[in-house]
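Reading through the structure tokens given below for one structure.
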Amino acid sequence: MTAPMPPTPPFRDPQLPFTKRVDDLLARLTLDEKISFLHQFVPAVERLGIAAFRTGQEALHGVAWMGPATVFPQAVGLGATWNPDLVRRVGEAVSREVRAMRARDERVGLNVWSPTVNLLRHPLWGRNEEGYSEDPKLTSAIATAYTHGLRGEHPTYWRTAPVLKHWLAHNNETGRDVTSSSVRPRVLHEYDLRAFRETVEAGAVAGVMPAYNLVNGRPNHVSPYLREQLRTWTEQDLMVCSDAGAPSNLVDSEHYFDTHEEATAASLTAGVDSFTDHGTDGSKITARVRGALERGLLTEADVDTAVRRQLSVRFRLGEFDPHYDPHAGTGEFDTPAHRALAQEAAEQAVVLLRNDGVLPLAADTRIAVVGPLADECKLDWYSGALIHRSTPLEGLYERFGAERVAFAEGVDRVLLKTSAGTFLHVPAAPEAADEARGAQGALDPALLAGRIDLPPLTAGADGTELALADWGDGVLTLRAPDGRYLSVAEDGFLRASADQPGGWVVQETFRLEAAPGAGTDGHGNGHLLRHIGTGRHVSVTAEGVKVAEDEPEVFELVVVEHGEDAVARVAAEADVVVVVAGNDPHINGRETEDRTTLRLPAQQERLLTAARSGDARVVLALVSAYPYAVDPGPLSGVLWTAHGGQAGGTALARVLAGDVSPAGRLPQTWYAADADLPDLLDYDVIGGRQTYLYFEGRPLFPFGHGLSYASFAYADLVVRVGGEGGRGPVRVSFTVANTGDVSADEVAQLYTRAVDPSVTRPRRELLAHRRLTLAPGERAEVSFEVPLSAFAFWDVARGGWRLEPGPYDLLVGSSSEDVRLRTTVTLDGEPAAPRPVLRDGLAAVDFDEQGGTEIVDRTKVSGDAVTPAAGGAGELLYRACDFGAGAARVSVAAAGSGTVELTVDGGPVLAALTLGTPTAGAYDYVTLDAPFTAAGVRDLRLRLRGPLRLARVGFSG
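FYI, this note's numbering numbers position 373 of the sequence shown as 1349, with every residue one higher than the one before it.
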């Protein structure tokens, strides 16, 4: 007889709902097995036939880290397209390549950590390249499109499972794991949460990743907003994945908890479901979870909650239904369609900032293309390896012919002469030695080692001429004639071994430092050469050139040719000079490193000057991950594009030639000078007047700006407020006509402005936009339906959203400042009401204005308090406080030590409450009270002095 087949367990039954299947599988797992699921690298459960799983596949603008893949423009470039349909198609292509790559390499994961929806609040943020825009509406529109493309359209099974980064208010790399972003309630709800919320509510998000920083004194990995906000926006289970190493930071760098068991328990109960820590080794995290269970800090139910959310994502990815998974056979990789899409995206990302008529370039133009990025196709930390590449120079050669294009890189050509009179020499490399960094893929590219298979540099009579590029702040790269960069491997020797600067710790950057006592032996411009990655100086030894702690070599920098001389030489023979300037994404502004200035590097400024030295007209093409402050006055044209991926050079050339009319738009404000910027750690976009929403100065180029080779006319603006009693959506329509003589895209933008607000509101606020293609003479109607909620603000007096009644301007145009049509509509809403402080008191954090304070955590679990910055003095203003028939006493809940003074309507101090003896701890609050007399509706001002935390203020009659 044949033994009967065992019944199919319910978790394997595709006819059952996912929730029942997850419950069944969860019940079959042992506690130890469930604990093992909490680490990023989940081991297989062989007894149940469950495969291993890992969270986290980087896919910001193509599949990253796992070898060759289609490389699309950087995320900020995708944001510059202002085209959700295009970005959705990019997401689809990326997710199909994820599936295709996984079919041949199981290291490729389906839980993709992308997109980044942090708002580009500050242009000096090192990770500016990863976000889409400074505006929450545009960011959520682009992010929603990308997540829908990553997810796929099947109603049940997801092609990949996107995780949004980085929760929350994260815009600084300087001290990123120890700094706290002070985020007042209005900024929290109107700005930082909004991009996350609208993207999650759109239904194609599998989870979020908390950021390294703290918000209001509390680490994001124990954020109460995960529970209070995020999980209320959708009925789907969302999986929260920690950032790499962040769980250990809670103890090791932030010192927020005393033990890792406490920290792990707090993270898990706050909502973190997967711990990315200690690489592939899950033993430390699982030991911490077991320790927390033994100490009673966690229950098995807490573990079950996290595992359930993980399993929900795995079921949606089709892991348990291979025969039903519609994406299992996806094999689209590096297809002609993907290559065409990469070029289309790169073309749409180009922004024309200034044009005096020089562009597009005539077919017979003699062109000089110069600059350190003219013949480069740069990658960033979150790029895949290139299969195809194009540089601006190659694109211009192809489009105009090599005979009409001259080239000068504009870097200095130098020899390094030793104190012994010899020169640094790069030995010949073995044949077939070329290998791009990361070409084989790596789960953690930070662990990729430098090459040691090439001979180290030597010193001898014959020196090698090196290309020296200065990327600003004295950071240099040195490149050998064969294109390989000088780099230092683990053995400390200096080799020409890198195809590009890169890596988690860049090993290809140096500084020239004045040598002590230089000039006493005839070695007049003596320099030490410091290798930045190791911090050590370069030394010449018998074994070769290496970095060492002792006996640094003193070099004379022998300049064979200044870069600006080469630029001036080719510029003299050209009609138009195209200067391709910008940044290397691994240097001076990247993850772990913020920029220090908006200015171009001095070497690139000198190239611009040299390009203008003759009669040629000059076009500046900025290829960069962030904005610059440049003087456009002397320039005939200025363009900007993010690093455009594999097709960036071709795209830029086609725009310059007029094959494509540019229609990219700036996704963030370009400020004119560093003096226009707030402090990097000032997250109060309202009080600090930041971004186009609140900035009151004159920008270099405004948000939404971008020119075209065509011209467009706007007309026929019609606005209707729908619904009964005018409480429905606002319907806006208008026409756009192409009045030029070339087919082109236009980006029509709709903004609003509260005419007479009771609180500070944005100068302009984007409501909607549309990118449309119009042939010459073609006219199209554009219509938007805007919900009334888009006009509301977070009213701190009531702790919720409120639509203020009154007039609102509606502004239509091609940028936030180029307004072509306008009208005013009056909206019904809820009138302001005084704060009932006699009845309800005040949460300290619900101020209208502040000065010299910061928000901190009231407890380690939830709540906010306010403290003077650096323990000094600060003020809080609460408008329209209703004291009714009269208050007789005031009480404050405070911790620490210091004084709270109260005044009303700018009058004298009515009460002063002093906490003289410091409380036992920062979270040990006491209540102080004092006589206080006020009646009616008054503006209340509190003055805080000393290292005191104020949580609440109460009043009694």
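All C-beta atoms in this analysis are idealised placements derived from N, C-alpha and C, irrespective of residue type, glycine included.
Which full runs of the alpha helix (DSSP H) of 4+ residues lie inside the stretch 1136-1178, going along the chain? 1169-1177
Backbone CA spacing between Arg1914 and Asp1881 [nearest angstrom]: Numbered from its first residue, the sequence shown carries residue 1914 at position 938. Numbered from its first residue, the sequence shown carries residue 1881 at position 905. So the alpha carbons of these two residues sit roughly 6 Å apart.
Quick one: any contact between the stretch 1068-1077 and the stretch 1300-1314, if contact means 3 or more CB pairs under 8 Å? yes
Go ahead and label Gln1725 buried or exposed: buried means 16 or more other beta carbons lie within 10 angstroms of its beta carbon, across all protein chains shown. For the purposes of this step, residue 1725 is identified with residue 749 of the sequence shown, where counting begins at 1. Gln1725 should be labelled buried.
Sort Leu1878, Ala1045, Arg1065 and Asn1104 by Cα distance to Asp1081 and report the nearest one. The residue labelled residue 1081 in the question sits at position 105 within the sequence shown. That would be Ala1045, whose Cα lies nearest to the Cα of Asp1081.
Cross-strand partners of Ala1808 (DSSP beta bridge): Against the sequence shown, residue 1808 aligns to sequence position 832. BP columns for Ala1808 are empty, so no partner.
Host alpha helix (DSSP H) of Gln1579 (start-end): Taking the sequence shown and counting its residues from 1, one reaches residue 1579 at position 603. Ala1578 to Ala1587 is the span of the alpha helix (DSSP H), which, as asked, contains Gln1579.
Please look up how many angstroms separate the CB atoms of Trp1101 and Asp1570, rounded, as I've assumed it's under 8 Å. Translated into positions along the sequence shown, residue 1101 becomes position 125. Translated into positions along the sequence shown, residue 1570 becomes position 594. Indeed, because the Cβ distance is near 6 Å, the residues count as touching under 8 Å.
Measure the Cβ-Cβ separation of Pro1643 and Glu1238 and say whether it is below 8 Å. Your numbering for residue 1643 matches position 667 in the sequence shown. Your numbering for residue 1238 matches position 262 in the sequence shown. No, they are not a contact pair.
Looking at the strands, I want to know which residues DSSP matches up with Asp1840. On the sequence shown, residue 1840 is found 864 positions in, with the first residue counted as 1. According to DSSP, Asp1840 bridges with Asp1833.
Helix, strand or coil for Arg1914, going by three-state DSSP, please let me know. For the purposes of this step, residue 1914 is taken as residue 938 along the sequence shown, with counting starting at 1. It is a strand residue.
With DSSP collapsed to three states, give me the class of His1499. By one-based count along the sequence shown, residue 1499 stands at place 523. With a pLDDT of only 38 at His1499, under the threshold of 50, the placement of this residue in the model should not be trusted; the figure read from the coordinates follows. Residue state, collapsed to three classes: coil.
Contact check, Asp1168 vs Val1176 under 8 Å by CB: the rounded distance? Mapped onto the sequence shown, residue 1168 falls at position 192. Mapped onto the sequence shown, residue 1176 falls at position 200. Actually they do not touch by this definition, with Cβ atoms about 14 Å apart.
Where DSSP assigns a beta bridge to Tyr1854, which residues make up the other side? Mapped onto the sequence shown, residue 1854 falls at position 878. The partner list for Tyr1854 (beta bridge, DSSP) reads Leu1916.
Return the residue from the list Leu1656, Asp1717, Glu1672 and Arg1696 that minimises the CA-CA distance to Ala1686. Against the sequence shown, residue 1686 aligns to sequence position 710. Nearest option by C-alpha distance: Asp1717.
Quick check: what's the CA-CA separation for Ala1846 versus Leu1317? In the sequence shown, the residue the question calls residue 1846 occupies position 870. In the sequence shown, the residue the question calls residue 1317 occupies position 341. So the two alpha carbons sit approximately 51 Å from each other.
Please go through the same chain and pick out, in chain order, the residues whose beta-carbon is closer than 7 Å to the beta-carbon of Phe1486, but skip the five residues on each side of it. Numbered from 1 along the sequence shown, position 510 holds the residue referred to as residue 1486. Leu1452, Leu1454, Leu1505, Arg1506, His1507 and Ile1508, listed in sequence order.
DSSP three-state label for Ser1873, please. Counted from its first residue, the sequence shown places residue 1873 at position 897. Looking at Ser1873 - three-state DSSP - the assignment turns out to be coil, as it is neither helix nor strand.
Give the list of continuous alpha helix (DSSP H) stretches no shorter than 4 residues that lie fully inside the stretch 996-1081. 1007-1012, 1051-1056 and 1060-1080
Distance, Cα to Cα, Tyr1358 vs Trp1041? Position 382 of the sequence shown, counting from 1, holds the residue named residue 1358. Position 65 of the sequence shown, counting from 1, holds the residue named residue 1041. Approximately 7 Å, taken between the alpha carbons.
So, using beta-carbon positions, are Ser1250 and Cys1217 closer together than 8 Å? To locate residue 1250, count along the sequence shown from 1; it is residue 274. To locate residue 1217, count along the sequence shown from 1; it is residue 241. Closer than 8 Å, so yes.
When you compare each of Val1390, Thr1711, Ala1384 and Trp1480 to Ala1425 by their alpha carbons, which one comes out closest? Translated into the one-based positions of the sequence shown, residue 1425 becomes position 449. Ranking the options by Cα distance to Ala1425, first place goes to Trp1480.
Tell me which residues share the same chain as Ala1119 and place their Cβ nearer than 6 Å to its Cβ, disregarding the 5 neighbours each side in the sequence. As a first step, residue 1119 must be located in the sequence shown, where it is residue number 143. So the list reads Pro1091, Val1093 and Thr1175, once near-sequence residues are dropped.
Whole alpha helix (DSSP H) runs in the stretch 1350-1433 with 4 or more residues, listed along the chain? 1368-1376
Buried or exposed by the 16-neighbour rule on C-beta atoms within 10 Å, applied to Lys1141: Taking the first residue of the sequence shown as 1, we reach residue 1141 at position 165. Under this definition Lys1141 is a buried residue.
Starting from Pro1783, trace the beta strand (DSSP E) both ways and give me its first and last residue. If you number the sequence shown from 1, residue 1783 lands on position 807. Here the beta strand (DSSP E) through Pro1783 covers Gly1782 to Gly1789.
Which of helix, strand or coil DSSP assigns to Asn1714: On the sequence shown, residue 1714 is found 738 positions in, with the first residue counted as 1. Note: Asn1714 maps to strand in three-state DSSP.
Can you check whether the CB of Asp1356 is closer than 8 Å to the CB of Arg1284? Translated into the one-based positions of the sequence shown, residue 1284 becomes position 308. Translated into the one-based positions of the sequence shown, residue 1356 becomes position 380. No, the Cβ-Cβ distance between Arg1284 and Asp1356 is not below 8 Å.
Contact between the stretch 1184-1203 and the stretch 1114-1133: three or more CB pairs below 8 Å? no
Helix or strand or just coil, what does DSSP make of Val1706? The residue you call residue 1706 lines up with position 730 of the sequence shown. If DSSP states are grouped into helix, strand and coil, Val1706 belongs with the strands.
On the DSSP bridge list, what partners appear for Gly1848? The residue given as residue 1848 occupies position 872 in the sequence shown. Bridge partners of Gly1848: none, in fact.
Drop a sphere of 10 angstroms on the beta-carbon of Asp1497, count the other beta-carbons inside from all chains shown, and report buried for 16 or more, exposed for fewer. In the sequence shown, counting from the first residue as 1, residue 1497 sits at position 521. Below a pLDDT of 50, predicted positions are generally treated as unreliable, and Asp1497, at 42, falls in that range; the measurement from the model is reported next regardless. By the neighbour-count rule (16 or more Cβ atoms within 10 Å), Asp1497 is not buried but exposed.
Please go through the same chain and pick out, in chain order, the residues whose beta-carbon is closer than 7 Å to the beta-carbon of Pro1302, but skip the five residues on each side of it. By 1-based counting over the sequence shown, the position of residue 1302 is 326. Taken in chain order, the residues that qualify are His1130 and Tyr1133.
Length of the line joining the Cα atoms of Arg1774 and Thr1123: Taking the first residue of the sequence shown as 1, we reach residue 1774 at position 798. Taking the first residue of the sequence shown as 1, we reach residue 1123 at position 147. The alpha-carbon atoms of Arg1774 and Thr1123 are separated by roughly 34 Å.
Quick one, are the C-beta atoms of Gly1261 and Pro1298 less than 8 Å apart? Counting from 1 along the sequence shown, the entry for residue 1261 is found at position 285. Counting from 1 along the sequence shown, the entry for residue 1298 is found at position 322. Rather than Gly, the amino acid found at residue 1261 in this sequence is Ile. No, these two residues do not count as a Cβ contact at 8 Å.
Using a Cβ-based criterion (distance less than 7 Å to any ligand heavy atom), does Arg1740 qualify as near the ligand ATP? The ligand ATP is not part of this structure, which contains no ligands at all.
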